[in-house]
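Going down the list, the sequences are from chains A and B.
If you count by the numbering used here, then the first sequence holds residues 23 to 133, one letter each, in order.
If you count by the numbering used here, then the second sequence holds residues 1038 to 1148, one letter each, in order.
Every residue gets a Cβ at the ideal spot worked out from N, C-alpha and C, and that includes glycine.
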Amino acid sequence: EDQVTQSPEALRLQEGESSSLNCSYTVSGLRGLFWYRQDPGKGPEFLFTLYSAGEEKEKERLKATLTKKESFLHITAPKPEDSATYLCAAETTDSWGKLQFGAGTQVVVTP
Amino acid sequence: DTAVSQTPKYLVTQMGNDKSIKCEQNLGHDTMYWYKQDSKKFLKIMFSYNNKELIINETVPNRFSPKSPDKAHLNLHINSLELGDSAVYFCASTRGGETQYFGPGTRLLVL
């Protein structure tokens, strides 16, 4: 059965303290791995899509990487405005358009 | 100039009632989705429409009926509401099966 698991469930960081979030996936035929950010009371906001192992994408303090079994979202020198829940989702080649989400990692960055 | 919009934002209703949620996108996308986010923040796909045709229909009670009057609109009608239907419902849209963009969500509370 396809599965997407995120860890840790919650992460508390001091401003400037870099860290990584993990998204491990067990799916048959990955088409794409998506990262979203969700603020309280809002809809998920798209961050990155990764398609093949070894691919990396960056946006400001965020960098996403992909291996054959997992993806990491690295947050470098986070600021309080990076506080949010980060969601990853996998799309398979035989279920195009059907995103399977992990439960998310809630990140809190304190000044 | 909101990309994906939903109405209403909040919906409080009694068990047994029938209610509808509306979604509109002005991105020119051809595929729209409904997701349910439960109290544990887990996002799960319910339905998807491509050019007004139902293409994804997950295991959802048949009290839930999506309707797509045109490519820019996807509505969700729920009959005989139950306590367990309380959740946040998100609409999303995409073009050509690429990145899905989410609306702000409709918070449904069934009393």
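The Cβ of L1080/B sits closer than 8 angstroms to at least one Cβ of chain A. For Q60/A, the enclosing beta strand (DSSP E) stretches over residues L52 to Q60. Not a single C-beta of chain B is nearer than 8 angstroms to the C-beta of P133/A. Here T1068/B really is in contact with T1131/B; their C-beta atoms are around 5 angstroms apart, less than 8 angstroms.
S1085, N1087, I1092, I1093 and E1095: these are the residues of the stretch 1084-1112 of chain B whose beta carbon lies less than 9 angstroms from some beta carbon of chain A, given in chain order. Counted as a single uninterrupted DSSP element, the beta strand (DSSP E) harbouring D1107/B occupies residues F1101 to D1107. Within the same chain, no Cβ atom closer than 7 angstroms to the Cβ of E23/A is found once the five residues on either side in sequence are excluded. At least one beta carbon of chain A lies nearer than 8 angstroms to the beta carbon of Y1138/B. Rounded to the nearest whole angstrom, the C-alpha separation of R59/A and P66/A is 6 angstroms. The three-state reading of DSSP puts E92/A in strand, counting E and B together. Proximity of chain B to T71/A at the Cβ level (cut-off 7 angstroms) is accounted for by T1136, in chain order.
When secondary structure is reduced to three states using DSSP, L1148/B falls in the coil class, being assigned neither helix nor strand.
DSSP places R34/A in the uninterrupted beta strand (DSSP E) bounded by A32 to Q36. Within its own chain, the residues whose Cβ lies closer than 6 angstroms to the Cβ of H1114/B, once the five positions on either side in sequence are excluded, are S1057 and S1102, listed in chain order. I1092/B is bridged by DSSP to nothing; it lacks a bridge partner.
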